[in-house]
Amino acid sequence: MQRKTKTAGKDFLYRLSRRTKQARHWLTAQFAKGLLSLLRRLPTDTALNFADRTARRLGPLVGRHKVALDNLRHAYPEKSEAEIEAIALEMWGNMARLAAEYIFLDSLFDYDPHATEPGRVEVSGERLFEKIAAEDRPHIIFTGHLGNFELLPIAGATYGMKVTALFRPPNNPYIADYILSTRRSAMGDLLASQAGASFALARILENNGTIGMLVDQKFTNGLPTTFFGRPCQTSPLLPKLVRQFDCDVYPARCIRLPNNRFKLVIEDRLDLPRDANGGVDLTQTAQLLNDVVERWVREDPGQWMWFHKRWALSKGRRSRDRRGAPTEA
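The numbering of the sequence shown is the working numbering, which starts it at 149 and goes up by one.
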């Protein structure tokens, strides 16, 4: 009888915890959506500039600011504390702009390959977008959390490229649903990085499709690599897909410009490292991806998410997602 009482008590506490967490997620989502709704009432530039200024004031008050400062000190030991703080503040402004830009995606992306006057968005590497769209073979385009990376698949669609973008939904399910509906209306096919995602990606590549991936996230029990000279773990998903389907791999990024403008850059196809048998070397390929992203971040350090625990190493724990989905921290 006593054992049944204890079990019932544990079940009650578990259900209460789940409901409390669900209620907290709902309240957070309502606040976020309400804030975005207010921003939508403002002119685009006014709203984005307001979000930037607010985040630069509030960012240093959250716990992740200390994580960002510590990561920056390790990455740039030669920089002063004032320089480190300035990069961190720029990062918070960039992240706030990214969040606010979800509600303005339809008006922000005004790129027209045939336009005579420059708009908010400029593209470097048009011939590569056209080449990828015209080829009947599998492609992978990878990027990092820089600038507004969400604009890249929209640019691809402008050239007739059908891209399926792999993304990690937020932990808050209500915010995840809101963002997914916003992204899908502007970006086309999206695939959540969860169990079974690698099989779906494999089917796309098998049919000579194109996928887009972010490669700068922590991956529990991933391949041993380095980033900014520090050990980290990197997802093997992209290297494995390339080795299986002989994909062409292209780096692409978004650079945030002054006055709420953007430059989208796609670079030449990567020449991937091979092993003794001629197959794609998984670890060296993962390291090459890190090296590309590091180059980008060094050029625009304030446009990357330094609060991410990229260098936290797992200690023998098995990833909850064994199908190739990145584990964020």
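For glycine and all other residues, C-beta sits at the position ideal for the given N, C-alpha and C.
For residue i and residue j, what's the separation of their Cα atoms in angstroms?
i, j, result
"ASP258", "GLU233", "33 Å"
"ALA348", "PRO225", "42 Å"
"LEU237", "ASP423", "42 Å"
"ILE289", "HIS456", "22 Å"
"LYS279", "ASP429", "26 Å"
"LYS463", "ASN407", "44 Å"
"ARG167", "LEU175", "12 Å"
"PRO372", "ASP364", "14 Å"
"ALA171", "GLU447", "41 Å"
"GLN381", "ASN438", "10 Å"
"TRP459", "GLU442", "13 Å"
"ARG471", "THR306", "At ARG471, the pLDDT of 42 sits below 50, so the modelled position is not reliable and the matter cannot be decided from this model."
"TRP444", "GLN451", "9 Å"
"LEU418", "GLY273", "14 Å"
"GLY207", "GLU283", "44 Å"
Specify the secondary structure class of residue i as computed by DSSP and reduced to three states.
i, result
"ASP218", "helix"
"GLN365", "coil"
"THR168", "helix"
"ARG401", "strand"
"ARG378", "strand"
"GLY308", "coil"
"GLY427", "coil"
"GLU231", "helix"
"LEU461", "coil"
"ARG422", "strand"
"PHE455", "coil"
"VAL413", "strand"
"HIS293", "coil"
"THR373", "strand"
"ASP491", "Given that the chain is displayed from residue 149 to residue 477, the structure contains no residue 491 and the question cannot be resolved."
"VAL269", "strand"
"THR358", "strand"
"LEU314", "strand"
"ALA473", "Any reading at ALA473 must be qualified, since the residue scores a pLDDT of 47, below 50, and its modelled position is unreliable; the value itself is stated next. In the structure shown, ALA473 sits in coil (DSSP, three-state: anything other than H, G, I, E or B)."
Here's a check: name, in chain order, each residue in its chain whose Cβ is nearer than 7 Å to the Cβ of residue i, leaving out the five neighbours to either side.
i, result
"ARG245", "LEU196, ALA199, ASP200"
"SER255", "THR192"
"MET243", "ALA203, MET453"
Let me confirm a value: residue i is counted as buried when at least 16 other C-beta atoms fall within 10 Å, else exposed. Which label applies?
i, result
"PHE277", "buried"
"ARG466", "Residue placement at ARG466 is poorly supported in this model, since its pLDDT is 43, which falls under 50; the coordinates are not used for a value here."
"PHE252", "buried"
"VAL210", "exposed"
"SER383", "buried"
"LEU187", "buried"
"ASP416", "exposed"
"THR194", "exposed"
"LEU362", "buried"
"GLU231", "exposed"
"LYS214", "exposed"
"THR264", "exposed"
"GLU229", "exposed"
"PRO261", "exposed"
"GLY241", "buried"
"ASN425", "exposed"
Skipping 5 residues on each side, what residues in its chain have a beta carbon closer than 6 Å to that of residue i?
i, result
"ARG285", "ASN356"
"VAL311", "PRO301, GLY304, THR358, GLY360"
Between residue i and the ligand PLP, is the CB less than 6 Å from at least one heavy atom?
i, result
"GLU274", "For the ligand PLP, the structure offers nothing, since it holds no ligand at all."
Can you find the residues in the same chain that come closer than 8 Å, C-beta to C-beta, to residue i, ignoring five residues on each side of it along the sequence?
i, result
"GLU249", "LEU196, LEU256, ASN296, GLU298"
Is any beta-carbon of chain C found at less than 7 Å from that of residue i?
i, result
"LEU437", "You won't find chain C in this structure, because it holds only one protein chain."
> Would you call the segment 382-399 and the segment 413-433 in contact, with 3 or more CB pairs under 8 Å?
Replying inline: A contact exists between the segment 382-399 and the segment 413-433.
>> When you compare the segment 394-409 with the segment 294-305, are there three or more beta-carbon pairs, one atom per stretch, that lie closer than 8 Å?
In response: yes
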